[in-house]
Each structure stands twice: as C-alpha cells, then as structure tokens.
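Protein chains in written order, with our numbering: chain A, 1402 to 1617; chain B, 347 to 568. By construction, the Cβ of each residue, glycine as well, lies at the ideal position given by its N, Cα and C atoms. Beneath this line is the structure, given in structure tokens, with notes to follow.
The following block contains the structure:
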C-alpha cells in the first residue's frame, strides 16, 4: 500500500532530527572529554604517551567512520556485550569524535609559541600550571573555529547510524521514501533539515576564523 | 561466553578483499579527477563578475558541504529514477562522489588562489604579461604549493567516503566485506580486516602524497 506524501510524512522525517541532535550532542561532549585527554597525551613530554595518542588519531582518521561503527556494532557482541543500537552508535561516534577533536586541539596547543611554555617553565610553573594558566587559554581560543567546524562533520556523520538501523533523520527519510515511494521529496526534505542544522554552524565557524585571523 | 577468533577462515577470500581494495581506489580516483574538474569550474565561477553565477556556485558548495554524503547518494540513486534518470549503482556512486568532492575541492582551490597577494597580479601586469601568462608564471606554482596538501587530504577523505556507497550496493571494499559477512558470519574478523585494509590504503596514499609534496613543492620561498 503506497501512501501519499503529506504533512504526516514530512513531520515523521522532521521527528528524526531529535535523535540526530541528541546523538551529535552526546558524541560531541563525550568526544570532547576523551579528545581533551588525547590532545594532552599527544603534546605530553613522555614519548610512549605521545606515540599512543598518535596511533589512536591515525587509526580513526585513516579508516572510514562506517567501519568504526560496524566494528562497535558487530564487534562488541562477540565479547558478550549486547548493546542496543543507541549505546553502540554513541560509543562509535564518541571514539570517532575524540580522535578528530584531539587532533584539532593538538594543533591549537602546538600553535601557542614555544617561548610561552619556556617562559612559564623559567618562572618555575609546573606542567599543570603551565597548561592551565598559560597554554590552554590561548590554545582554546585558536581551536574554537575548527571545533565548531568539526561539529558540522559530526552531525553529518550521525547519518551513518541509519545504515545499522538506528532511526534518526536519514533513516526516517528512508522509511518515508519507501512507504510513499517519493524518494526525491523524502531525501530532499532530509537534506534541507540537515542544511538548516549545519549551515549556521558553518557560518559561525567561518566567522570565528576570520575574526581570529584579523586579531592575531 | 568465549569467542574464538579465527582469521584463518578469511584466508580463502583474499582475492575478494584485494578486488574490493582495487575497486575502492578506482572509485576514489575517478571521483577525485571528476571532482577536481568540477572544483576548478566552481572556483572560477565563485570569482565570476556575474552575481547569479557566483550565487549558483556558492549555493552548490554550501548545499553539498552542509548535508551528509549518505543523503546525497540516496537522493541520486533512489530519487533521480523518479525523474526518469535511473543510474546503475556504480554510476550513481561516481556521480555522488564527484559532486561531493567538487564542492570541497572548489573551496580548497579558491583558498589557494586567494592566498596569492593581489600585488603579484599587479606586478605581473605591470611587466606587460598577459592574464594567462600571469597565471602560468606567477600564480600557478605558489597556488599549487598551497593547494596540494589540502587536495591530497581530500583524496584520502574520498577514499574513506567510498565506504558509504556500499549502502546502494555499489561494489567496493565495504560491500565485499558485507557480502562475506553474510556468507561466513565472521563479522568481527571481517570488519577488522576491512578496517586494516582501509588504514593501509590511506596511510599508503598519505605517504605517497607527502613524498610528492616534498619533491615538487619544498623550494624555499625567499
């Protein structure tokens, strides 16, 4: 039975936004926490920690997000961990985000001139104080624009959750497309919804970047 | 609950994995080449004197950059047939990937051209060079130097993005892995191997591009 594409279908696609936003938010916060740790490890003075963080980043940046999700989704049950799709997708996206945010923030930390760290060391500040009072405040300012830019990538990345059956914006469009047989409208509408989510963030990121370039 | 890992089960399928890798590289190469052509045209269009041309180019770039690739693929593969344009999975995949790459390449190319100081163009013109000569002798090489690393990053990204076209059953590494999965039920081993192959491919290309970059663009600026 083919249904007409009406307001109901449009609304059912729209309702997928909720999961997309929640998923993006959790992955962003979780990825932010682990990403911060990765960035600190990557810029630490201990070589093994640096190497571990470098491998971690290389792995997640050098493999497709879809494979990462497959590994969590099909891999963890092998170890007896049966997760519902929500948890599996969240874990996958959080790990993914942590590597990318870690790399962005490493860039920010390393963009702070070395002389600053040396001066702080000469003043007798320990690692913790050097980081908290001297390096990180400047690094954070430098990293804000690319971090917002990555949020756009992450929102787009959540669409892959649809492939493993998680219902979010893309999956709800897929469902509407198959019940009404109007794929052009369904996917067009989904694209518009994604655009409405992502475009303001892209503009914000570009604006922040410009402002930063002017000042420094 | 114990699960015995057995990668040996996958050994007889090495040819399929290799074929998947080859198809993935082919897919990425096709789409980056076409995408580059689209990107150059779009970058030029963004600098056009006509407002409408600039607007079209900007809308294309922003629309593609702010929507997920999965939705773009679905739109092309499932949506276009209702307009009478039915594409085979591979054609749809190449079209979607090229259109996607084009938007990102346009930004990269635009950035490279914009990074050349205006004074350089003016100096070239003052020397009596024609616009094309200015481009060839003054703009091209420094612009390429800026563009190349970003563009090689785009290639690696395209390589990873190809995995998504498995969702329209276009054949490449991920699709091969999925079909082996339904044959052997060795999901974890299969996806580990596929992931490792993607990692090997992206590291290989990243290294090649780094070497090319060092060989061609490492001259001193001053």
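Going straight from the alpha carbon of residue i to that of residue j, what length do you get?
| i | j | result |
| --- | --- | --- |
| residue 1559 of chain A | residue 1493 of chain A | 10 Å |
| residue 1585 of chain A | residue 513 of chain B | 17 Å |
| residue 1454 of chain A | residue 1498 of chain A | 14 Å |
| residue 539 of chain B | residue 1555 of chain A | 25 Å |
| residue 1464 of chain A | residue 1524 of chain A | 43 Å |
| residue 393 of chain B | residue 400 of chain B | 7 Å |
| residue 1617 of chain A | residue 1514 of chain A | Any reading at residue 1617 of chain A is ruled out, since the residue's pLDDT is 46, under 50, leaving its predicted position unreliable. |
| residue 1608 of chain A | residue 1552 of chain A | 15 Å |
| residue 530 of chain B | residue 510 of chain B | 22 Å |
| residue 1440 of chain A | residue 1430 of chain A | 15 Å |
| residue 463 of chain B | residue 482 of chain B | 15 Å |
| residue 1442 of chain A | residue 1450 of chain A | 5 Å |
| residue 1511 of chain A | residue 1426 of chain A | 27 Å |
| residue 429 of chain B | residue 1583 of chain A | 11 Å |
| residue 1416 of chain A | residue 478 of chain B | 53 Å |
| residue 1561 of chain A | residue 472 of chain B | 53 Å |
| residue 494 of chain B | residue 379 of chain B | 14 Å |
| residue 404 of chain B | residue 454 of chain B | 13 Å |
| residue 1407 of chain A | residue 1592 of chain A | 17 Å |
| residue 1483 of chain A | residue 1474 of chain A | 9 Å |
| residue 1527 of chain A | residue 1519 of chain A | 11 Å |
Considering only the beta carbon of each residue, do residue i and residue j sit closer than 9 Å?
| i | j | result |
| --- | --- | --- |
| residue 420 of chain B | residue 1578 of chain A | yes |
| residue 1547 of chain A | residue 1446 of chain A | no |
| residue 382 of chain B | residue 497 of chain B | yes |
| residue 451 of chain B | residue 389 of chain B | yes |
| residue 1517 of chain A | residue 1535 of chain A | yes |
| residue 537 of chain B | residue 1472 of chain A | yes |
| residue 445 of chain B | residue 402 of chain B | no |
| residue 520 of chain B | residue 1467 of chain A | yes |
So, for residue i: in the same chain, excluding its five sequence neighbours on each side, which residues have a beta-carbon less than 6 Å away from its beta-carbon?
| i | result |
| --- | --- |
| residue 461 of chain B | 492 |
| residue 436 of chain B | 516 |
| residue 317 of chain B | The requested residue 317 of chain B does not occur in the structure, where chain B is confined to residues 347 to 568. |
| residue 1509 of chain A | 1540, 1543, 1544 |
| residue 442 of chain B | 418, 419, 422 |
| residue 1469 of chain A | 1493, 1497 |
| residue 1435 of chain A | 1499 |
Could you name the residues of the same chain whose beta carbon sits closer than 7 Å to that of residue i, not counting the 5 residues immediately before and after it, in chain order?
| i | result |
| --- | --- |
| residue 1433 of chain A | 1502 |
| residue 1566 of chain A | 1486 |
| residue 502 of chain B | 548, 551, 552 |
Can you tell me the Cβ-Cβ gap for residue i and residue j, rounded? I've got them flagged as a contact below 8 Å.
| i | j | result |
| --- | --- | --- |
| residue 359 of chain B | residue 526 of chain B | 6 Å |
| residue 1421 of chain A | residue 1570 of chain A | 4 Å |
| residue 385 of chain B | residue 448 of chain B | 5 Å |
| residue 534 of chain B | residue 1476 of chain A | 5 Å |
| residue 1507 of chain A | residue 1444 of chain A | 6 Å |
From what residue to what residue does the alpha helix (DSSP H) around residue i run?
| i | result |
| --- | --- |
| residue 528 of chain B | 519 to 530 |
| residue 1542 of chain A | 1537 to 1558 |
| residue 537 of chain B | 533 to 563 |
| residue 1433 of chain A | 1408 to 1443 |
Apart from the five residues just before and just after residue i, which ones in its own chain have a Cβ nearer than 8 Å to its Cβ?
| i | result |
| --- | --- |
| residue 1462 of chain A | 1500, 1501, 1504 |
| residue 1599 of chain A | 1553, 1556, 1557 |
List, in chain order, every chain C residue whose beta-carbon is nearer than 8 Å to that of residue i.
| i | result |
| --- | --- |
| residue 1467 of chain A | Going by chain labels, chain C is absent from the structure shown, which instead holds the protein chains A and B. |
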